[in-house]
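Colleague: So the protein lines, in turn, are chains X and D.
If you want my numbering, it's the 1-based position in the first sequence plus 52.
If you want my numbering, it's the 1-based position in the second sequence plus 52.
Every residue gets a Cβ at the ideal spot worked out from N, C-alpha and C, and that includes glycine.
Number of protein chains: 2
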Amino acid sequence: MENFVYSVPTKIYFGKGQLDRVGMIAAEYGKKALLVYGGGSIKRNGIYDRVKELLEEEGVLLEELSGVEPNPRIETVRKGAAICKEKGIDVVLAVGGGSTIDCAKVVAAGACYDGDAWDLVLNSRKIKKALPVVTVLTLAATGSEMDPTAVISNLETNDKLGTKNEHMRPVASILDPTYTETVNAWHTGAGTADIMSHILESYFSNAEGYMQDRMAEGLLKTCIEFGVRALKDPKDYEARANLMWASSWAINDFLKLGKPVVWSVHPMEHELSAYYDITHGAGLAILTPHWMRHVLSDRTVEKFKTYAVQVWGISAELPAYEAAELGIEKTAEYFKALGMPATLKEVGIGEEKLALMAEKAAGRLAGAYVELSKEEVEQIFKDAL
Amino acid sequence: MENFVYSVPTKIYFGKGQLDRVGMIAAEYGKKALLVYGGGSIKRNGIYDRVKELLEEEGVLLEELSGVEPNPRIETVRKGAAICKEKGIDVVLAVGGGSTIDCAKVVAAGACYDGDAWDLVLNSRKIKKALPVVTVLTLAATGSEMDPTAVISNLETNDKLGTKNEHMRPVASILDPTYTETVNAWHTGAGTADIMSHILESYFSNAEGYMQDRMAEGLLKTCIEFGVRALKDPKDYEARANLMWASSWAINDFLKLGKPVVWSVHPMEHELSAYYDITHGAGLAILTPHWMRHVLSDRTVEKFKTYAVQVWGISAELPAYEAAELGIEKTAEYFKALGMPATLKEVGIGEEKLALMAEKAAGRLAGAYVELSKEEVEQIFKDAL
Numbered sequence: 053m054e055n056f057v058y059s060v061p062t063k064i065y066f067g068k069g070q071l072d073r074v075g076m077i078a079a080e081y082g083k084k085a086l087l088v089y090g091g092g093s094i095k096r097n098g099i100y101d102r103v104k105e106l107l108e109e110e111g112v113l114l115e116e117l118s119g120v121e122p123n124p125r126i127e128t129v130r131k132g133a134a135i136c137k138e139k140g141i142d143v144v145l146a147v148g149g150g151s152t153i154d155c156a157k158v159v160a161a162g163a164c165y166d167g168d169a170w171d172l173v174l175n176s177r178k179i180k181k182a183l184p185v186v187t188v189l190t191l192a193a194t195g196s197e198m199d200p201t202a203v204i205s206n207l208e209t210n211d212k213l214g215t216k217n218e219h220m221r222p223v224a225s226i227l228d229p230t231y232t233e234t235v236n237a238w239h240t241g242a243g244t245a246d247i248m249s250h251i252l253e254s255y256f257s258n259a260e261g262y263m264q265d266r267m268a269e270g271l272l273k274t275c276i277e278f279g280v281r282a283l284k285d286p287k288d289y290e291a292r293a294n295l296m297w298a299s300s301w302a303i304n305d306f307l308k309l310g311k312p313v314v315w316s317v318h319p320m321e322h323e324l325s326a327y328y329d330i331t332h333g334a335g336l337a338i339l340t341p342h343w344m345r346h347v348l349s350d351r352t353v354e355k356f357k358t359y360a361v362q363v364w365g366i367s368a369e370l371p372a373y374e375a376a377e378l379g380i381e382k383t384a385e386y387f388k389a390l391g392m393p394a395t396l397k398e399v400g401i402g403e404e405k406l407a408l409m410a411e412k413a414a415g416r417l418a419g420a421y422v423e424l425s426k427e428e429v430e431q432i433f434k435d436a437l
Numbered sequence: 053m054e055n056f057v058y059s060v061p062t063k064i065y066f067g068k069g070q071l072d073r074v075g076m077i078a079a080e081y082g083k084k085a086l087l088v089y090g091g092g093s094i095k096r097n098g099i100y101d102r103v104k105e106l107l108e109e110e111g112v113l114l115e116e117l118s119g120v121e122p123n124p125r126i127e128t129v130r131k132g133a134a135i136c137k138e139k140g141i142d143v144v145l146a147v148g149g150g151s152t153i154d155c156a157k158v159v160a161a162g163a164c165y166d167g168d169a170w171d172l173v174l175n176s177r178k179i180k181k182a183l184p185v186v187t188v189l190t191l192a193a194t195g196s197e198m199d200p201t202a203v204i205s206n207l208e209t210n211d212k213l214g215t216k217n218e219h220m221r222p223v224a225s226i227l228d229p230t231y232t233e234t235v236n237a238w239h240t241g242a243g244t245a246d247i248m249s250h251i252l253e254s255y256f257s258n259a260e261g262y263m264q265d266r267m268a269e270g271l272l273k274t275c276i277e278f279g280v281r282a283l284k285d286p287k288d289y290e291a292r293a294n295l296m297w298a299s300s301w302a303i304n305d306f307l308k309l310g311k312p313v314v315w316s317v318h319p320m321e322h323e324l325s326a327y328y329d330i331t332h333g334a335g336l337a338i339l340t341p342h343w344m345r346h347v348l349s350d351r352t353v354e355k356f357k358t359y360a361v362q363v364w365g366i367s368a369e370l371p372a373y374e375a376a377e378l379g380i381e382k383t384a385e386y387f388k389a390l391g392m393p394a395t396l397k398e399v400g401i402g403e404e405k406l407a408l409m410a411e412k413a414a415g416r417l418a419g420a421y422v423e424l425s426k427e428e429v430e431q432i433f434k435d436a437l
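#1: Less than 7 Å between the C-beta atoms of R345 of chain X and I401 of chain X, yes or no?
#2: Distance cutoff 7 Å, beta carbons only. Does P61 of chain D sit that close to anything in chain X?
#3: Excluding five sequence neighbours on each side, which residues of the same chain lie with their C-beta closer than 7 Å to the C-beta of K137 of chain X?
#4: For R221 of chain D, does the three-state DSSP call read helix, strand or coil?
#5: Look at K178 of chain D and E323 of chain D and say whether their C-beta atoms are less than 7 Å apart.
#6: Just how far apart, CA to CA, sit W343 of chain D and E108 of chain X?
#7: When burial is assigned at 16 or more other CB atoms within 10 Å of the CB, is P200 of chain X buried or exposed?
#8: Smallest Cα separation from A360 of chain D: which of D:V422, D:M409, D:R266 and D:F433?
#9: Using three-state DSSP, classify R125 of chain X as helix, strand or coil.
#10: Using only the alpha-carbon positions, how far apart do I247 of chain X and K434 of chain D sit?
#11: Can you tell me where the beta strand (DSSP E) with N206 of chain D in it begins and where it stops?
#12: Looking only at DSSP bridge pairs, what is F66 of chain X linked to?
#13: Please compile the residues from chain X whose C-beta is within a distance smaller than 8 Å of the C-beta of N55 of chain D.
#14: With distances taken Cα to Cα, identify the nearest neighbour of A280 of chain D among D:A237, D:A161, D:Q431 and D:G75.
#15: Considering only the beta carbon of each residue, do I366 of chain D and L378 of chain D sit closer than 7 Å?
#16: Tell me whether P222 of chain D is buried or exposed, calling it buried when 16 or more other Cβ atoms sit within 10 Å of its Cβ.
#17: What does N258 of chain D reach in chain X if we use C-beta pairs closer than 9 Å?
#18: Give the interface partners of T274 of chain X over in chain D, defined as CB-CB distance under 8 Å, in chain order.
#19: Note down the Cα distance separating A224 of chain X from E121 of chain X, rounded to an integer number of angstroms.
#20: For the alpha helix (DSSP H) holding T340 of chain X, just list the boundary residues, first then last.
#21: Less than 7 Å between the beta carbons of A282 of chain X and G195 of chain X, yes or no?
#22: DSSP on E101 of chain X, reduced to helix/strand/coil?
#23: At what residue ranges does the region 133 to 178 of chain D contain a whole run of the alpha helix (DSSP H), taking only runs of 4 or more?
#24: Would you check if there are 3 or more beta carbon pairs closer than 8 Å linking the region 84 to 92 of chain X to the region 139 to 150 of chain X?
#25: Given that T293 of chain X touches chain D, what residues does it touch there, using C-beta distances under 7 Å?
#26: Give a yes or no on whether 7 Å exceeds the smallest Cβ distance from G75 of chain X to chain D.
#27: With a Cβ-Cβ cutoff of 7 Å, do F356 of chain X and A334 of chain X count as a contact?
#28: Buried or exposed for L62 of chain D, please, with buried defined as at least 16 other CB atoms from any protein chain shown within 10 angstroms of its CB.
#29: So which residues of chain X does A298 of chain D contact, with C-beta pairs closer than 7 Å?
#30: What do you get for N217 of chain D, buried or exposed, if any count of 16 or more other CB atoms within 10 angstroms of its CB means buried?
#31: Checking 7 Å against the spacing of the C-beta atoms, do V173 of chain X and A133 of chain X come in under that value?
#32: Buried or exposed: T234 of chain D, going by 16 or more other Cβ atoms within 10 Å of its Cβ?
#33: Using the rule of at least 16 other Cβ atoms within 10 Å of the residue's Cβ for burial, across every protein chain shown, is K212 of chain X buried or exposed?
#34: Quick check: is the beta carbon of G195 of chain X nearer than 7 Å to any beta carbon in chain D?
#35: Quick test of your reading: N294 of chain X and M53 of chain D, contact by CB under 8 Å. State the CB separation rounded to the nearest angstrom.
#36: For L213 of chain X, does the three-state DSSP call read helix, strand or coil?
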């Protein structure tokens with residue numbers, strides 16, 4: 053286990069009815085809040101009205117940034133940062149899924165930065181301060197509610213980049229699983245695939261971390277148990293609750309501290325959604341099994357066998373390659389059971405830009421579990437066509 | 053999963069050489085520190101001198117409270133609280149294992165309380181404030197380095213009681229596994245048994261918490277893998293590191309939030325060590341298998357089977373009782389492999405006070421996984437003789 057500093061101070065209010073505390077929580081951080089949200093579903097399900105009412109009760113004034121995109125764009129971040137500066141916002145309140153929260157984080161950092169907010173995406177070290185971010189989570193997927201990371205898209209440059217800074221980690225997050233009961237099957241499946249991918253990215257690393265790996269297996273089993281259960285019965289509270297809590301722990305640093313890792317599948321998928329604006333979790337579900345098959349080798353086979361045995365219950369008696377391959381097949385089958393596509397064609401991606409996207413992705417794989425050349429990434433893309 | 057609020061802000065500095073930061077960390081909280089430690093082993097291994105040097109470099113003045121007992125006594129707490137008040141201490145720095153840290157916590161609370169510190173043990177609600185507590189951990193066992201709990205003994209009244217308050221949760225803890233390489237076999241074994249018991253106390257509860265249980269299994273596997281490895285080779289860094297990090301997570305709230313539980317074996321063991329001053333982990337190792345056998349029933353057998361299959365690798369094909377009993381036997385065997393005693397006689401406990409201790413323990417089992425009458429607790433004690 054390598055040295056690390058663990059600090060995850062985000063306070064989590066978990067369970068039914070926790071939204072009632074939002075006014076009190078926001079008021080801890082100031083008198084003026086910027087409410088950040090997406091396409092308006094929070095207006096249909098009543099959360100919007102309730103949040104306004106609760107903030108009013110506590111005397112917190114409200115500005116709004118609405119229309120945050122599924123892959124949040126830098127233009128929207130700029131708009132939010134400008135409102136913060138102009139109106140003297142004290143606290144940024146994100147209500148939504150990972151996209152909304154990611155946007156809110158960079159808005160909060162941009163509010164404390166003199167230049168253009170895109171600078172903070174290109175270079176996270178420029179973030180020296182941020183307004184406090186409070187979140188109300190409505191989709192279990194990205195884990196943004198408890199982590200210091202945001203992914204922002206720039207359609208002008210076809211960039212979709214992550215930026216990470218402790219100042220952006222939410223100070224408090226409200227996780228009420230009942231809000232995810234109305235999430236449709238597609239986004240429930242994609243969200244679960246995203247959570248599983250976060251765990252797998254940490255799990256397959258070259259650093260030793262026994263405890264971290266056992267915890268990762270526990271979280272994977274949780275996703276596997278409840279992802280399909282949530283599809284079967286969208287109002288299954290235990291399923292929604294376990295997926296929501298797993299989403300936070302998949303990526304809040306706990307799994308990877310002590311065993312540093314460079315992610316593999318996310319950088320590849322980010323190219324797909326930067327160029328084609330596809331659903332992130334769907335892209336991960338398509339690519340993951342192909343990545344696994346590609347990197348399976350004498351060096352990695354024992355780890356893949358452990359994965360197969362511990363996570364999928366494959367018999368430990370089997371030869372390593374056989375067990376490993378069964379584990380990979382189980383992974384692919386499970387993503388299909390989540391309603392995810394299995395090929396790039398299904399999401400409208402052809403051969404045209406594969407080489408270009410492969411080159412960009414390969415540039416971010418130095419130090420990954422298996423380093424891949426642009427040719428290898430392109431091969432994985434082709435396998436996934 | 054039930055509603056909960058998760059807030060574990062303790063900052064952890066984990067790994068070799070992290071002690072170098074102690075001066076800087078203490079200085080964040082003030083100019084006067086109270087150094088709390090036990091029997092002087094930190095003087096022999098050089099930590100004491102190094103801490104003094106590092107604090108001096110940062111201009112932090114030092115008072116001392118030494119001689120904290122293995123089961124820390126209220127007299128020592130009172131002494132520490134008095135020093136804090138008299139000298140205007142800003143931060144309490146505990147260097148040692150769980151006993152030292154527990155003592156430091158109540159000293160820190162007592163420093164901010166006008167009455168007698170024992171009040172704060174009897175009624176944790178009286179703790180309205182505490183000095184910040186920083187810890188340097190030298191023994192992986194109690195998890196006190198990341199939790200809000202302290203257990204204090206009062207030999208006058210034969211009480212050994214826990215008190216819990218968020219104000220006492222350490223603000224920062226330094227976890228350098230190399231400091232535990234000199235821990236002898238007895239305390240390594242007892243520490244591992246203590247960690248495992250903390251996990252088991254959360255695992256066997258009547259509330260549903262699928263994710264929590266999978267995480268608990270991961271931590272148990274970690275203890276099982278590395279407890280005997282640390283005995284075999286005390287300088288096995290991976291073993292010491294995994295045990296240390298597992299000790300924190302066994303009890304820092306993560307496992308039990310969402311699935312509230314009243315502990316079973318700890319209240320029974322606390323009577324043993326209150327009356328006989330035995331090593332806490334040894335008492336837990338003796339009692340746990342007997343408690344398991346006693347509470348195994350048609351209601352609990354499926355959970356014990358899951359435990360046997362997931363943690364001990366017992367075949368899921370076996371009938372429930374058979375698998376459950378094998379899991380319990382594995383548990384008993386493992387505690388023996390840790391060098392722990394298997395009977396009360398081995399630690400000098402006879403029949404004399406069993407009824408008295410059983411009565412006190414049974415009074416704390418309302419709401420436990422299986423509620424036990426004083427006769428049942430006495431029977432478990434007798435089975436363990």
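Modeller: In brief:
#1: no
#2: yes
#3: A163
#4: coil
#5: no
#6: 53 Å
#7: buried
#8: D:R266
#9: strand
#10: 49 Å
#11: T201 to N206
#12: X:L227 and D:F56
#13: F66, G67, K68, G69 and Q70
#14: Inspection of the sequence shows that residue 280 of chain D is occupied by Val rather than by Ala. Selected option, being the one with the closest Cα: D:A237.
#15: yes
#16: buried
#17: What N258 of chain D touches in chain X: nothing, since even the nearest Cβ is about 15 Å away.
#18: Y262, M263 and R266
#19: 23 Å
#20: H332 to V347
#21: no
#22: Reading off the sequence, residue 101 of chain X comes out as Asp, not Glu. Helix.
#23: 150 to 162 and 170 to 174
#24: yes
#25: The identity of residue 293 of chain X in the sequence shown is Ala, whereas the question assumes Thr. Those are M53, listed as they occur along chain D.
#26: no
#27: no
#28: Just to set this straight, residue 62 of chain D is Thr in the shown sequence, not Leu. Label assigned to T62 of chain D: buried.
#29: M263
#30: buried
#31: no
#32: exposed
#33: buried
#34: no
#35: 7 Å
#36: strand
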